[in-house]
Amino acid sequence: MSDNSFVYVTYIRTTPEKLWTALTDPEFNRQFFLCSYQESDWKVGSSWKLILPDGRVADSGEILEIDPPRRLVIKWRNEWMPEVKEDGYTRCTFTIEQDGDMMKLAVTHEADGPHKLIANVAKGWPLVLSSLKSLLETGKGFERPPSKG
Numbered sequence: 005m006s007d008n009s010f011v012y013v014t015y016i017r018t019t020p021e022k023l024w025t026a027l028t029d030p031e032f033n034r035q036f037f038l039c040s041y042q043e044s045d046w047k048v049g050s051s052w053k054l055i056l057p058d059g060r061v062a063d064s065g066e067i068l069e070i071d072p073p074r075r076l077v078i079k080w081r082n083e084w085m086p087e088v089k090e091d092g093y094t095r096c097t098f099t100i101e102q103d104g105d106m107m108k109l110a111v112t113h114e115a116d117g118p119h120k121l122i123a124n125v126a127k128g129w130p131l132v133l134s135s136l137k138s139l140l141e142t143g144k145g146f147e148r149p150p151s152k153g
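Just so you know, our numbering puts 49 at position 45 of the sequence shown, and the rest follows in order with no gaps.
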C-alpha cells in the first residue's frame, strides 16, 4: 500500500458468475458488505452508490468499465467524511480470473495522488473481502462489527 493505492488479492472457491452476482446484487451485498449494499444499474456511465445500513450514502461515483463476469471499474468518492470527500474521486477496479477451481479476485483502489480514502479502504477491504469469501464458501458472511465509542 502507498498513500495513493491499495491492492488486495484473494482466492475464492466459487464460479465467476456467483462471484459477479455477489459483487453486484444488493441482497448479496448486504450479506458480506457488513450490511451495506451497492446501488447501480451496472452500465458504463451509470451512477453508483454504497448505502450504509441506516440509509445514508457512504460513497458514490460512476461505473467507468464493466465486463461481466471479469472486470468492473468504479469512480469512487467518500460522501460521509468531509476531510476525505474533499480529496475527490478514486478508482476501484475488481478483476476476476479463473485459477483452477477457484476465482482469483483482485481489488485495486487507487488515486492520482495522495488521498485520505486509501488509508480507510486499506482497513476496510480486507474485512469486506474476507466476508465475501466466507459467504461464497460457507454460506455466511460477517455481521457488522459494533461501533466503537
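From the three backbone atoms N, C-alpha and C, an ideal C-beta is built for every residue, glycine too.
If you ignore the 5 residues before and after Thr-97, its C-beta comes within less than 6 Å of the C-beta of Val-77 and Thr-112, all in its own chain and listed in chain order. Remark: fewer than three beta-carbon pairs, one from each stretch, lie closer than 8 Å, so the region 19 to 34 and the region 115 to 124 are not flagged as touching. For Gly-65, the secondary structure class from DSSP, reduced to helix, strand or coil, is strand. Beyond the five residues adjoining it in sequence on each side, Trp-24 comes within less than 6 Å, by CB distance, of Pro-72 and Pro-73 in the same chain, given in chain order.
Between Ala-110 and Ser-9, the C-beta spacing is not below 9 Å. When DSSP states are grouped into helix, strand and coil, Asn-82 belongs to the strand group.
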